[in-house]
Every structure is written in C-alpha cells, then in structure tokens.
Amino acid sequence: MANRWGIPEWLEDEVRSRDTECIYCGITMDERISNGGSRKTVATWEHIINDEKIITRENIARCCAACNASKGTKSLLEWFQSNYCKVNGISEDTVADVVKEALKAARKSRAQRR
Ligand SMILES: [Zn+2]
C-alpha cells in the first residue's frame with residue numbers, strides 16, 4: 193500500500209513519527225483541520241528536493257500547509273530568500289536536520305557535476 197504520493201506505508205509511518213513539527217518553521221502540526229482551527233498548521237507531505245521520483249527518508253518529510261504553499265516549486269535556496277522566510281525567520285540554520293542534510297547533499301552533487 194502506498195499513499196497518493198507513491199510513498200510506501202513503512203516510510204509514511206517513519207516520517208510521520210519523525211516530523212511532528214514542521215521541518216521548516218518548527219510549529220507543531222495538526223493531523224487534520226480541527227474545529228475552528230487554522231488550515232495553515234495542518235501537516236502536508238513535502239518533497240524537500242522538488243523531485244517526485246526521490247522517495248527516500250531523506251527527501252520525504254512533513255511540513256505545515258503554510259510553508260508548503262509558500263515553497264511551492266521553488267528550490268530550497270530560492271525559497272529561503274523569499275519574504276515568507278524572512279518574515280517567519282526561516283533560514284538554512286533554523287530548519288530541521290533533514291533539511292540541512294538535503295542541502296548538503298544537493299551542494300555535493302552539484303560540485304561533482306562540475
Ligand atoms: Zn511550517
């Protein structure tokens with residue numbers, strides 16, 4: 193069984209228990225919109241590197257709906273420059289370890305391609 197993003201159940205369970213807080217802004221997320229609650233804090237599935245083919249515990253994560261909507265199809269480094277990140281104090285240094293690792297890996301593979 194895989195969910196609609198093609199994420200196998202074992203990985204979904206693992207990421208679900210790892211990412212109870214948004215990997216970007218660090219808020220505690222809700223599983224679903226509570227009565228009168230905000231949509232922004234609902235947990236969403238995120239591909240840290242925007243490639244739906246990378247389904248690994250390093251690239252699949254959960255972030256809040258607000259961050260997901262803001263990031264959209266931007267790359268991480270592009271997104272960190274956005275107003276949303278500035279206003280919310282989100283940067284390379286404040287994000288969860290899984291994001292830091294993804295950034296490191298992205299830099300490495302870019303260097304190797306050169
Ligand atoms: Zn967030």
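To convert, take the position in the sequence shown, counting from 1, and add 192; that gives my numbering.
Ideal Cβ positions, reconstructed from N, Cα and C, are used throughout, including at glycine.
Residue i vs residue j beta-carbon contact at 7 Å
i: Ile199; j: Ile252; result: yes
i: Tyr276; j: Ser267; result: no
i: Ala257; j: Arg224; result: no
i: Ala288; j: Ile219; result: no
i: Val234; j: Asp243; result: no
i: Cys217; j: Asn280; result: yes
Cβ neighbour criterion (16 or more within 10 Å) applied to residue i
i: Glu238; result: buried
i: Arg254; result: buried
i: Ile246; result: exposed
i: Ala294; result: buried
i: Asp285; result: exposed
i: Asp205; result: exposed
Residues sharing a beta bridge with residue i, DSSP
i: Arg299; result: Paired residue(s): none; Arg299 is not in a bridge.
Within the segment 262-289, ranges of the alpha helix (DSSP H) (whole runs, at least 4 residues): 268-272, 275-280
Inside the segment 196-249 only - beta strand (DSSP E) runs reaching at least 3 residues: 235-239
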